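Participant: First to last, the sequence lines map onto chains Y and X. According to UniProt numbering, the first sequence is numbered sequentially starting from 1. According to UniProt numbering, the second sequence is numbered sequentially starting from 1. Just so it is clear, CB atoms sit at the ideal spot from N, CA and C, and this is done for glycine as well. All of these numbers come straight from a predicted model, not from anything done at the bench. Dumping the structure here so I can ask a few things about it.
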Amino acid sequence: MTLHAIAPASTAEPAQATPMVRFNDVHKSFGIVEVLKGISFAVGRGEVVCLIGRSGSGKSTALRCINGLERITTGSIDVCGHAVTPDGKADLHAVRKRVGIVFQSYNLFPHLTVEQNITLAPRRVKKTAPTEARALAADVLAKVGLSDKIASYPEQLSGGQQQRVAIARALAMQPEVMLFDEVTSALDPELTGEVLKVMEDLARGGMTMVLVTHEMAFASRVADKIIFMHKGRVHETGPRDLLSRPETPELRQFVGTGL
Amino acid sequence: MNYQFDFSFLWDPDNAYWRDILHGTWLTVQLTVLAIVLGFALGAACAIGSTSRIPSLRRAIAVYVEIIRNTPLLVQVFWLFFGLASLGFKFSAFSAAVLALTINIAAYTSEIIRSGIESVRKGQIEAAESLGLSRMQLLFDVVLPPAIERVLPSLAGQFVLMMLATSIMAQISTEELMAAASRIQSETFRGFEIYIVVAVVYLALAMALRLSFAFLAWAAFPRRRRLGTPV
Chain Y
1 MTLHAIAPAS TAEPAQATPM VRFNDVHKSF GIVEVLKGIS FAVGRGEVVC LIGRSGSGKS
61 TALRCINGLE RITTGSIDVC GHAVTPDGKA DLHAVRKRVG IVFQSYNLFP HLTVEQNITL
121 APRRVKKTAP TEARALAADV LAKVGLSDKI ASYPEQLSGG QQQRVAIARA LAMQPEVMLF
181 DEVTSALDPE LTGEVLKVME DLARGGMTMV LVTHEMAFAS RVADKIIFMH KGRVHETGPR
241 DLLSRPETPE LRQFVGTGL
Chain X
1 MNYQFDFSFL WDPDNAYWRD ILHGTWLTVQ LTVLAIVLGF ALGAACAIGS TSRIPSLRRA
61 IAVYVEIIRN TPLLVQVFWL FFGLASLGFK FSAFSAAVLA LTINIAAYTS EIIRSGIESV
121 RKGQIEAAES LGLSRMQLLF DVVLPPAIER VLPSLAGQFV LMMLATSIMA QISTEELMAA
181 ASRIQSETFR GFEIYIVVAV VYLALAMALR LSFAFLAWAA FPRRRRLGTP V
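Here it is, written out as structure tokens:
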């Protein structure tokens with residue numbers, strides 16, 4: 001494992017800037033099962049925050065609450081100056097325009113080419129002109145190293161390529177925050193590497209990122225903050241070397257099996 | 001058995017029956033095309049409605065679909081043509097036929113498209129929502145195109161069945177192919193021959209309809225064209 005240092009992008013921004021994402025005592029229940037039991041944390045501009053923890057610890061649910069894919073039960077989340085609340089859908093559209101998300105299962109639109117996948121949202125949501133949208137697509141595809149796949153359909157691509165297109169699609173909306181929900185869990189190690197590299201480039205470019213990940217080496221290398229979730233709560237928080245000096249027995253046990 | 005086939009009545013100089021056949025065929029084509037276009041529109045609207053968040057709308061559509069799919073088309077036509085006429089709503093035989101076929105095929109179309117809509121993976125809908133697409137944009141850009149692409153073969157099959165079922169419109173004296181055949185039969189007593197001719201015409205129409213749908217799929221779905229996926 002190489003631990004070459006990358007200057008955290010957050011150093012470029014003054015620390016007093018208001019957080020891009022802030023959880024305020026967020027609870028979330030599915031029926032009678034409480035999945036999030038009051039979590040609070042903040043993500044500053046340009047920060048890379050990794051949510052780690054066992055399956056069922058609530059980390060994916062927490063991530064999906066940020067852009068309203070899951071509706072929170074109580075509490076609130078501030079996202080880019082907009083409030084995500086239990087009832088309010090008023091700000092959801094504004095939030096979604098500013099927050100990009102990438103899923104474990106890529107979720108590209110199968111009937112559209114790579115270019116159409118990327119230009120759809122800018123054209124429909126931001127009313128970007130077609131020529132401008134195409135230029136944008138070429139630009140984000142270059143960022144993920146897939147310029148030659150612009151005319152392909154998703155089914156013609158490997159899993160890693162599809163995931164990079166999914167990242168490009170999210171980037172085309174020029175989001176202020178990117179969410180990654182276990183984006184490499186469906187990929188073999190070789191393809192995982194190409195996706196992680198794209199994410200590392202993004203982080204280095206100053207993108208604010210929240211990741212749910214099982215890639216502990218990646219978290220230790222790139223994260224500005226690691227949040228260990230356990231049984232629906234934020235159990236332990238620390239900088240990127242948190243995993244090498246866990247304080248709670250739960251994290252120690254988790255790291256013991258994970259690294 | 002010693003039957004002499006005689007098709008000469010078709011081009012009888014005094015009474016050119018081929019013209020009647022042609023005229024009947026043309027009416028059958030009109031009925032079919034109108035019912036497909038209107039029925040597809042109504043059926044797609046019902047399919048969208050049946051996935052709406054309004055329970056009463058979903059229930060109303062379900063009732064309509066079940067009533068239509070579980071009663072004979074002939075009863076539906078008679079109900080429109082004779083039943084409503086006694087209430088003062090008068091239709092021409094042709095309008096009644098188009099209306100009945102539309103209402104009938106829309107119910108089947110609705111169910112077929114709904115199955116297509118339900119086959120679109122939830123993740124794609126979440127991705128579209130996350131990108132900020134509105135409900136309408138999501139429906140028309142992300143859900144309906146792959147849904148219809150997937151169910152197009154079933155739709156084509158259903159439309160061919162409906163085209164064949166236009167033959168019962170002879171019962172309300174719509175002058176389509178079957179009605180023309182019946183009249184020719186009663187005038188010439190050449191039942192065997194005329195129904196062979198009619199069968200061949202229906203067969204040709206059915207093949208033409210299937211081919212049209214294959215072409216439509218080829219034209220409308222570039223992915224199929226590019227990747228050579230058969231429709």
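Please report the straight-line C-alpha distance between X/E118 and Y/P110, rounded to a whole angstrom.
Facilitator: 15 Å
Participant: Which residues of chain X have a Cβ atom closer than 7 Å to the Cβ of Y/S105, listed in chain order?
Facilitator: G123
Participant: Give the secondary structure of Y/A5 by DSSP, where H, G and I count as helix, E and B as strand, and everything else as coil.
Facilitator: Reliability of the predicted coordinates at Y/A5 is poor, the pLDDT of 43 falling under 50, and the value obtained from them is presented with this limitation in mind. Three-state DSSP puts Y/A5 in coil, outside helix and strand.
Participant: Quick one: list the residues of chain X neighbouring Y/P110, beta-carbon separation under 7 Å, in chain order.
Facilitator: In chain order: P146.
Participant: Would you call Y/A168 buried or exposed, if buried means 16 or more other Cβ atoms sit within 10 Å of its Cβ?
Facilitator: buried
Participant: Can the beta-carbon of Y/F180 be found closer than 8 Å to that of Y/V102?
Facilitator: Yes, the Cβ-Cβ distance between Y/F180 and Y/V102 is below 8 Å.
Participant: Indicate whether at least one CB of chain X lies closer than 8 Å to the CB of Y/G256.
Facilitator: Chain X contact via Cβ: absent.
Participant: Is the stretch 28-39 of chain X close to the stretch 100-107 of chain X, with three or more CB pairs under 8 Å?
Facilitator: Yes, since at least three Cβ pairs between the stretch 28-39 of chain X and the stretch 100-107 of chain X fall closer than 8 Å, the two stretches touch.
Participant: Residues in the stretch 105-133 of chain X with C-beta within 8 Å of chain Y's C-beta atoms, listed in sequence order?
Facilitator: R121, G123, Q124, E126, A127, A128, E129, S130, L131, G132, L133
Participant: Do we get a CB-CB distance below 8 Å when we pair Y/H93 with the residues of chain X?
Facilitator: yes
Participant: Helix or strand or just coil, what does DSSP make of Y/D25?
Facilitator: strand
Participant: Within the same chain, show all residues whose beta-carbon is closer than 8 Å to that of X/A179, passing over the 5 residues directly before and after it, in chain order.
Facilitator: G24, M169, A170, S173
Participant: Is the separation between the beta-carbon of Y/V84 and that of Y/G68 shorter than 8 Å?
Facilitator: yes
Participant: Could you tell me whether the Cβ atoms of Y/G58 and Y/M229 are closer together than 8 Å?
Facilitator: yes
Participant: State the DSSP-derived secondary structure class of X/A208, mapped to helix, strand or coil.
Facilitator: helix
Participant: Do Y/A42 and Y/L51 have their beta-carbon atoms positioned less than 8 Å apart in this structure?
Facilitator: no
Participant: Assign Y/S185 to one of two classes, buried (16 or more other C-beta atoms within 10 Å of its C-beta) or exposed (fewer than that).
Facilitator: exposed
Participant: Here's the rule: buried if 16 or more other CB atoms are within 10 angstroms of the residue's CB, otherwise exposed. What is X/D12?
Facilitator: With fewer than 16 other Cβ atoms within 10 Å, it is exposed.
Participant: Under 9 Å between beta-carbons, which chain X residues line up against Y/L120? List them in chain order, please.
Facilitator: A128, L131, L133, Q137, D141, V142
Participant: Are the C-beta of Y/R164 and some C-beta of chain X separated by less than 8 Å?
Facilitator: no
Participant: On the three-pair Cβ rule with 8 Å, is the stretch 189-199 of chain X touching the stretch 42-53 of chain X?
Facilitator: no
Participant: Verify the CB distance criterion: does Y/R124 have a CB-CB separation below 8 Å to chain X?
Facilitator: yes
Participant: Closer than 7 Å by beta-carbon distance: list the chain X residues that pair up with Y/K97, in chain order.
Facilitator: Scanning chain X for C-beta atoms nearer than 7 Å to the C-beta of Y/K97 yields G132, reported in chain order.
Participant: Give a yes or no on whether the minimum CB-CB distance between Y/M173 and chain X is below 8 Å.
Facilitator: yes
Participant: What residues in the stretch 144-159 of chain Y bring their beta carbon closer than 8 Å to a beta carbon of chain X?
Facilitator: Those would be Y153, E155, Q156, in chain order.
Participant: If we define contact as Cβ-Cβ less than 8 Å, is Y/L251 a contact residue for chain X?
Facilitator: Not an interface residue.
Participant: Under 8 Å between C-beta atoms, does Y/N67 make it to chain X?
Facilitator: yes
Participant: At the level of alpha carbons, what is the spacing between Y/E200 and X/L152?
Facilitator: 43 Å
Participant: Who are the Cβ neighbours of X/L133 in its own chain at under 6 Å, not counting the five residues just before and after it?
Facilitator: none
Participant: Hey, how far is the Cα of X/A181 from the Cα of X/Q4?
Facilitator: The straight-line gap from Cα to Cα measures roughly 19 Å.
Participant: Buried or exposed: which applies to X/G88, given that a residue is buried once 16 or more other Cβ atoms fall within 10 Å of its Cβ?
Facilitator: exposed
Participant: Y/P93 by DSSP, collapsed to three states: which one?
Facilitator: It should be pointed out that residue 93 of chain Y corresponds to His in this sequence rather than to Pro. Here Y/H93 sits in helix by DSSP.
Participant: Mind checking if X/E175 is an interface residue toward chain Y, Cβ cutoff 8 Å exclusive?
Facilitator: no
Participant: Inspect the beta-carbon positions of Y/V165 and Y/N117 and report whether they are closer than 8 Å.
Facilitator: yes
Participant: Please report whether the beta-carbon of Y/I101 lies at a distance below 8 Å from any beta-carbon of chain X.
Facilitator: yes
Participant: How long is the line joining the alpha carbons of X/R223 and X/S92, rounded to whole angstroms?
Facilitator: Linking X/R223 to X/S92 through their CA atoms gives a straight-line distance of about 44 Å.
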